[in-house]
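Q:
2 protein chains.
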Amino acid sequence: MARPRKFDEERAVGAALEAFRTAGYEATSTQDLCDATGLGRSSIYNTFKSKHDLFRRVLLRYMEEKTAFQRELFDSDRPVREKVLVLLEIVVEEECEGDGRGCLVVNTAVELARRDAEVAHDLRRDYRSRLDLLTGAFEAAQRGGEIDPAKDATALAHFVIAAIGGMRVSASNGVGRRALQGVAEATVAAI
Amino acid sequence: MARPRKFDEERAVGAALEAFRTAGYEATSTQDLCDATGLGRSSIYNTFKSKHDLFRRVLLRYMEEKTAFQRELFDSDRPVREKVLVLLEIVVEEECEGDGRGCLVVNTAVELARRDAEVAHDLRRDYRSRLDLLTGAFEAAQRGGEIDPAKDATALAHFVIAAIGGMRVSASNGVGRRALQGVAEATVAAI
DNA sequence: TCGATTTTGAACCGTACGTTACAAAACAAG
DNA sequence: CTTGTTTTGTAACGTACGGTTCAAAATCGA
Numbered sequence: 022m023a024r025p026r027k028f029d030e031e032r033a034v035g036a037a038l039e040a041f042r043t044a045g046y047e048a049t050s051t052q053d054l055c056d057a058t059g060l061g062r063s064s065i066y067n068t069f070k071s072k073h074d075l076f077r078r079v080l081l082r083y084m085e086e087k088t089a090f091q092r093e094l095f096d097s098d099r100p101v102r103e104k105v106l107v108l109l110e111i112v113v114e115e116e117c118e119g120d121g122r123g124c125l126v127v128n129t130a131v132e133l134a135r136r137d138a139e140v141a142h143d144l145r146r147d148y149r150s151r152l153d154l155l156t157g158a159f160e161a162a163q164r165g166g167e168i169d170p171a172k173d174a175t176a177l178a179h180f181v182i183a184a185i186g187g188m189r190v191s192a193s194n195g196v197g198r199r200a201l202q203g204v205a206e207a208t209v210a211a212i
Numbered sequence: 022m023a024r025p026r027k028f029d030e031e032r033a034v035g036a037a038l039e040a041f042r043t044a045g046y047e048a049t050s051t052q053d054l055c056d057a058t059g060l061g062r063s064s065i066y067n068t069f070k071s072k073h074d075l076f077r078r079v080l081l082r083y084m085e086e087k088t089a090f091q092r093e094l095f096d097s098d099r100p101v102r103e104k105v106l107v108l109l110e111i112v113v114e115e116e117c118e119g120d121g122r123g124c125l126v127v128n129t130a131v132e133l134a135r136r137d138a139e140v141a142h143d144l145r146r147d148y149r150s151r152l153d154l155l156t157g158a159f160e161a162a163q164r165g166g167e168i169d170p171a172k173d174a175t176a177l178a179h180f181v182i183a184a185i186g187g188m189r190v191s192a193s194n195g196v197g198r199r200a201l202q203g204v205a206e207a208t209v210a211a212i
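In the order they appear, the protein sequences are chains E and R. Counting with our numbering, you get residues 22 to 212 for the letters of the first sequence. Counting with our numbering, you get residues 22 to 212 for the letters of the second sequence.
(1) Along the segment 123-134 of chain R, what residues have a CB closer than 7 Å to any CB found in chain E?
(2) Can you give me, in chain order, the residues of the segment 133-165 of chain E that have a beta carbon less than 7 Å from any beta carbon in chain R?
(3) What distance in whole Å lies between the Cβ atoms of Val113 of chain R and Arg198 of chain R, which are believed to be in contact at a cut-off of 8 Å?
(4) Please work out which residues of its chain come closer than 7 Å, Cβ to Cβ, to Leu177 of chain E, disregarding the five sequence neighbours upstream and downstream, and give them in chain order.
(5) List the residues of chain R whose Cβ lies closer than 8 Å to the Cβ of Ser191 of chain E, in chain order.
(6) Quick check on Lys70 of chain E: buried or exposed, where buried means 16 or more other Cβ atoms within 10 Å of its Cβ?
(7) Is the separation between the beta-carbon of Arg77 of chain E and that of Val127 of chain E shorter than 8 Å?
(8) With a cut-off of 8 Å on the beta carbons, I'd call Gly203 of chain E and His179 of chain R a contact; round off their distance for me.
(9) Should Leu104 of chain E go down as buried or exposed, given a rule of 16 or more other Cβ atoms within 10 Å for buried?
(10) Using 8 Å as the threshold, is the C-beta distance between Ala48 of chain E and Glu47 of chain R below it?
(11) For Gly61 of chain R, which of helix, strand or coil comes out of DSSP?
(12) Measuring only between beta-carbons, confirm whether Gly121 of chain E sits less than 8 Å from chain R.
(13) Anything in chain E within Cβ reach of Ala37 of chain R, meaning under 8 Å, just list it in chain order.
(14) Take the Cβ of Asp29 of chain E as the centre, count every other Cβ of all protein chains shown within 10 Å, and call the residue buried at 16 or more, exposed below.
(15) Is it right to say Ser193 of chain E is buried, meaning 16 or more other beta carbons lie within 10 angstroms of its own, or is it exposed?
(16) Can you tell me whether Gly45 of chain E is buried or exposed? The criterion is at least 16 other CB atoms within 10 Å of its CB, across all chains shown.
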């Protein structure tokens, strides 16, 4: 019993995601968000309350998608080292072949997390879920004899996550595909 | 034969560094820089030309200091794994015990490098010098029998640098000292 | 003491920011 | 066709931005 929306809310979130990935939070203006989504200012503020709230919504969706993909990857029954290698090679691909916009989680952690408590909280939750996923996979691999049971599965999970973040930082520093692939291989070899 | 400066230029660069480390490039305003340095607007613009130029100057000094320290560390004649471990433990210390402002190089790589060609160039140069330093150390260690000569010294160097960046990203994500220390140890063990 | 030269503080530039106000427009229900 | 409700476009809000201007203040050599 009211005027219906002319746009798809999820589609707008996706467009905003690309804008925020391109320039980060601070350097993305509300006008940029209007241009990216095709919406007017009032539609954005009416729907998402504020730039900050829209950003959190965008970040949450990005994290959900990434985590869902990782969960899918680790649900397969390949050897765990192969799973990790695939994960790391996808990172290489995203950083080298992709649009060069980087990962919103890493970008946000560095740009915003230290001075935005809400965003920091969102990032912590996401880190936790990735950590749990990897830890579980390593524990299962230990039970299956793939990985030395004397190792600390949680420590391995922290190690792999750090490797991903480090590869993304290195890519921002201009490191090329071949070197990143080397880092990926060294990481898997260390598990 | 003219009015002398009332401030120490290097001291101002140092103060600006703390401001930029606290909030990043975009979120640090010229007013913030005035407050941090104690200078007036015109003094800043008269001395450093622009916010962007001041930032590059700050970044260059930060990189010089960091690199000088690393060079000093690796000039000692301890075992190379010990040197790397010290390096990584300093990172842990900075991230956990420090003021929580992070590393300007990592912050800048993520926030600025993808859309600022000049800054990207500065970062590449710095990465190269760190890479050369570590590569040289690993090659020497291979000659000395500390490290398997079959390994690729340059790849090891990329790997260690990535580990540092990754630990800093993880710290931004709320990872604590103990887990970071585990990452450091796993990294050294993988060399 | 006196110009010459530079630094300094304050006021100011135009622009762009995030956000809000508001009225016209578009629908659904009666 | 109304009435009620929501969305939408436009315009504006006050503020803060990065940067400039300019005259007064400060120091030097002579």
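Note that the Cβ used here is the ideal one computed from N, Cα and C, for glycine as well.
A: Once the coordinates are examined:
(1) Gly123, Val127, Asn128, Ala130, Val131, Glu132, Ala134
(2) Result list: Ala134, Arg135, Arg136, Ala141, Leu144, Arg145, Tyr148.
(3) 6 Å
(4) Same-chain partners within the cutoff: Phe159, Ile212.
(5) Tyr148, His179, Ile182, Ala183, Gly186
(6) exposed
(7) no
(8) 6 Å
(9) Per the sequence presented here, residue 104 of chain E reads as Lys, with Leu not at that position. Lys104 of chain E comes out buried.
(10) yes
(11) Reduced to three states, the DSSP call for Gly61 of chain R is coil.
(12) yes
(13) The contacting residues do not exist; Ala37 of chain R stays about 18 Å from chain E at best.
(14) exposed
(15) buried
(16) Buried is the label assigned to Gly45 of chain E, since at least 16 other Cβ atoms lie within 10 Å of its Cβ.
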